[in-house]
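Residue numbers (the numbering used here): -14 to 182.
All residues carry an ideal CB built from backbone N, CA and C; glycine is no exception.
Single-structure report; data block below.
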Amino acid sequence: MADLFQTLADAPDHVLQMIGSSLEGRAKDPAQQAILESYIQDLTISKGAVVVELGCGTGPVCRRFAEIEEVDRVIGVEPAAALVATANQLANNRKLEFHVGRGESTSLEVGIADIVVLHTLLSHVPDQSAILDETRRLLKSSGQLAVCDADFSKTSVAIGDGDPLQACVEVWLEGNVTDRWLSPRLPGLLKSKEFEV
């Protein structure tokens, strides 16, 4: 079973509504909010900053960046038009704009971004290299990349060999994650694209 997030642009409306609700619910989870706040604090955000998020879904991460006083513009890019429509409905700040597009090849201008955010994106795409190439193209020379993703390589509920609950986890991973080994490989992948880690 393929990762559902690879084909979201073609998913039926009821699936997109479910995904949109899930993304918005996750954004309200205090643990998820703490993760987002943690990496925002790690960024140097200068006055007039432009933030681009690839794979923005319904836009909760973009909305949080738009609340930051120093940020002038936040651009979300998402392949699923229905999720972009929801993002636009939920947009609560003039700084926000959302576009239908793929993270591997956006129509945004070269060097537009002070910060590019890949929030739970890379584990869902088959060609992470293309995403990082586009990220490099979008970033100013002094720009920063924020990557946030789960370490699915360690996902387990098993308490021993052959635990039937682990079979359920494996099925979930097959349908929801493209690259469960992203996290251990990420530092090397970023360095291969000449990002400082």
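Taking 7 Å as the CB-CB cut-off, is residue i touching chain B?
| i | result |
| --- | --- |
| V36 | As a matter of chain content, chain B is missing from the structure shown, which is built from one protein chain. |
Can you give me the C-alpha to C-alpha distance between residue i and residue j, rounded to a whole angstrom?
| i | j | result |
| --- | --- | --- |
| P45 | A(-13) | 25 Å |
| L8 | L1 | 10 Å |
| I144 | E155 | 15 Å |
| S23 | H(-1) | 33 Å |
| V35 | S141 | 38 Å |
| R122 | L175 | 14 Å |
| L117 | D99 | 15 Å |
| T120 | P172 | 16 Å |
| I97 | E55 | 16 Å |
| L150 | K125 | 46 Å |
| S138 | G160 | 15 Å |
| Q129 | V182 | 10 Å |
| G10 | G42 | 12 Å |
| D164 | W157 | 13 Å |
| A16 | V101 | 22 Å |
Would you kindly report the start and end of the unbroken alpha helix (DSSP H) that includes residue i?
| i | result |
| --- | --- |
| H(-1) | D(-2) to K13 |
| I144 | First-last for I144: undefined, no H or E at that position. |
| L68 | A66 to L75 |
| G33 | That residue, G33, is in no alpha helix (DSSP H); it is neither H nor E in DSSP. |
Using only CA atoms, which one of the options lies nearest to residue i?
| i | options | result |
| --- | --- | --- |
| V85 | E55, E38 and T120 | E38 |
| L68 | G128, P169 and R87 | R87 |
| S127 | E55, F180 and D134 | F180 |
| C133 | S108, S92 and R122 | S108 |
| P169 | R11, D136, A152 and W157 | D136 |
| L(-11) | L130, L106 and A152 | L106 |
| Q113 | G40, D148 and F83 | G40 |
| D27 | L167, A131 and A152 | A131 |
| E89 | M3, L103, G147 and I25 | L103 |
If you follow the beta strand (DSSP E) that residue i is part of, which residue opens it and which one closes it?
| i | result |
| --- | --- |
| R58 | V56 to E63 |
| K80 | Premise fails: K80 is in no beta strand (DSSP E) and is neither H nor E. |
Under 8 Å by Cβ, that's how I've got residue i and residue j pegged, so tell me the actual separation to the nearest angstrom.
| i | j | result |
| --- | --- | --- |
| R48 | L21 | Not a contact, Cβ separation roughly 11 Å. |
| E63 | A72 | 7 Å |
| L80 | R58 | Per the sequence shown, the amino acid found at residue 80 is Lys instead of Leu. The Cβ separation is near 6 Å, so the contact holds. |
| L(-7) | A65 | 4 Å |
On the three-state DSSP scale, how would you describe residue i?
| i | result |
| --- | --- |
| R170 | helix |
| V46 | helix |
| I97 | coil |
| C153 | helix |
| L130 | strand |
| L28 | coil |
| K125 | strand |
| E22 | helix |
How about residue i: is its Cβ closer than 6 Å to a heavy atom in the ligand ADP?
| i | result |
| --- | --- |
| V132 | Of ligands this structure carries none, so the ligand ADP is not represented either. |
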